[in-house]
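First comes the structure, then the notes that go with it.
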């Protein structure tokens, strides 16, 4: 990249929004887990769709690689430069406006750089709910959520981000803008272009706007945590809760004792909700469209049936909104509470819901055979089969030595996942972390079709090269 190319990009956004100082660029170069980081000569912060369009047209013309970045909260390295390449980061943080809210049609149109919490606030302002809920919602941005097809804790009832989006606005690598900001619930006119860009991790274009689905705020809400013996028992409780509550069951989280201990030890304000210690816990979340009493009656019914059949040993039901938030905080702080315990080898995987107990047993056995002193901290969204299967270092072990075995342990865990018909990436994307594994586990025809799509949309190979798929050769027009 020449100085002339730098200057051309800077002229598009203005010098104040073209970062060249290494100190200013540094926060954009490393993802939250610190695994992937490299250099970039330039960070561009466009303030309009037109500026994004000019950036990509210039990038295609000059053969400049572009890395789109939203809130930089991803865990697969899809939002940071690829090692050894000169790539320009395009931050969407200035595209942060709520464009429209339609409470009658239950839609909200937002810029891609809108922080998820701000979308929640805007929806609540018109008595509506946007149900995507993530631990990073105070900093993640909706463009990144869409680009990774993020999941979160409400997938059981509402689906992942793909199911929460009606339309998109996307800038293509050529600089062309596709305005697909439609709020139609039904539209069968040809190929669904929207679904190509959702989950593409910025490899086909840059999402700049979206029409999102809103829902009525629940009239009643109840949360409980119950102690039980095993994932097999948890699956039985889940089945009963689904039968009794139907779509009112909005969350069902599985947590082991060790995760409870980490979260109560290292996070101020967290406390063990039950008097006795249990091997496993489930957090049950019920939302009613009718009333608070209705949510409470459903929760009591689920727990009473489970007690009567000897499935759960103890339970606590929240008595206020503050207590509901406290119970959810216990679950939501589990990922961060592992850090004080040393390094952790993490997996974001999914298996069929009925296979969760068998997967956990098989993976535990295989991992402990290879690493007998490892501390397995497996928790997650049992209601949709997504388990965060994490292995904290043995007590007193060297953190780097533990992490140095991550590829070996990844192989062990993924072997069990694939044997159960599961996925190696449930809600955090492929990025650069799982790119090569994706190529190894998907059918050759699938990878070939993906590469054909990539070539059709991005023939110059400038869009987030090396993420999801191996880089296509870039060229200058």
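In my numbering, the protein residues as written are 319 to 795.
Heads up, the beta-carbon is just placed ideally off N, CA and C, and yes, glycines get one too.
- Of the candidates 467, 488 and 384, 488 places its Cα closest to the Cα of residue 367.
- In the three-state reduction of the DSSP assignment, residue 608 falls in the coil class, being assigned neither a helical nor a strand state.
- Counting only unbroken stretches of 3 or more residues, the beta strand (DSSP E) elements lying wholly within the stretch 603-668 are 632-635 and 666-668, in sequence order.
- Across the structure, residue 410 and residue 751 are spaced so that their CA atoms are roughly 23 angstroms apart.
- The continuous alpha helix (DSSP H) containing residue 733 extends over residues 724-737.
- Secondary structure note for residue 531: its beta strand (DSSP E) is the uninterrupted segment 524-531.
- In this structure, the straight-line span from the alpha carbon of residue 433 to that of residue 612 is close to 33 angstroms.
- Note that the C-beta distance between residue 746 and residue 393 is below 8 angstroms.
- Listed in chain order, the alpha helix (DSSP H) runs fully inside the stretch 424-467 are 434-442 and 460-465, counting runs of at least 4 residues.
- When DSSP states are grouped into helix, strand and coil, residue 716 belongs to the coil group.
- In this structure, the beta-carbon distance from residue 566 to residue 605 falls below 8 angstroms.
- Following the DSSP letters along the chain, one finds residue 519 in no beta strand (DSSP E), marked with neither H nor E.
- Annotation for residue 386: no alpha helix (DSSP H) segment contains it, though the beta strand (DSSP E) segment containing it runs 383-387.
- Here the stretch 659-668 lies against the stretch 691-707, with 3 or more beta-carbon pairs under 8 angstroms apart.
- Check the Cα spacing between residue 607 and each of 500, 641, 539 and 660: the tightest is with 539.
- Residue 621 and residue 709 have their C-alpha atoms roughly 31 angstroms apart.
- In the three-state scheme derived from DSSP, where H, G and I count as helix and E and B as strand, residue 781 is classed as strand.
- Classified as exposed, residue 439 has fewer than 16 neighbouring CB atoms from the shown chains inside 10 Å of its CB.
- The residues 542, 544 and 621, in chain order, have a CB closer than 6 angstroms to that of residue 633 in the same chain once the five nearest residues on each side in sequence are set aside.
- For residue 320, the closest alpha carbon among the candidates 498, 339, 380 and 767 is that of 380.
- In the structure shown, the three-state DSSP call for residue 553 is helix.
- Only buried fits residue 786, as 16 or more other CB atoms lie within 10 angstroms of its CB.
- Counting every other CB atom within 10 Å of its CB across the protein chains shown gives residue 762 a total below 16, marking it as exposed.
- Within the same chain, 551, 554 and 555 come within 6 angstroms of residue 629 by CB-CB distance, once the 5 residues on both sides are set aside.
- Contact annotation: the stretch 675-685 touches the stretch 730-743, with at least three C-beta pairs closer than 8 angstroms.
- For residue 353, the CB contacts under 8 angstroms within the same chain, skipping 5 residues up- and downstream, are 395 and 751 in chain order.
- In this structure residue 730 is not in contact with residue 673, their Cβ atoms being roughly 17 angstroms apart against a cut-off of 8 angstroms.
- A buried status is given to residue 772, since no fewer than 16 other beta-carbon atoms sit within 10 Å of its beta-carbon.
- Taking a contact as a CB-CB distance under 8 angstroms, the pair residue 575 and residue 582 does not count as one, their CB atoms being some 11 angstroms apart.
- Listed in chain order, the non-local C-beta contacts of residue 783 below 6 angstroms within the same chain comprise 383 and 789, local neighbours out to five positions each way being set aside.
- Closest option to residue 333, judged by alpha-carbon separation, among 351, 365, 514 and 694: 365.
- Residues 388 and 389 of the same chain have their beta carbon placed closer than 6 angstroms to that of residue 462, with the five preceding and five following residues left out of the count.
- Between the alpha carbons of residue 660 and residue 530 lies a gap of roughly 39 angstroms.
- Per the coordinates, the alpha-carbon of residue 749 lies some 18 angstroms from the alpha-carbon of residue 513.
- DSSP lists 602 and 635 as the beta-bridge partner residues of residue 542.
- Cβ-Cβ separation between residue 448 and residue 532: approximately 6 angstroms, consistent with a contact (criterion under 8 angstroms).
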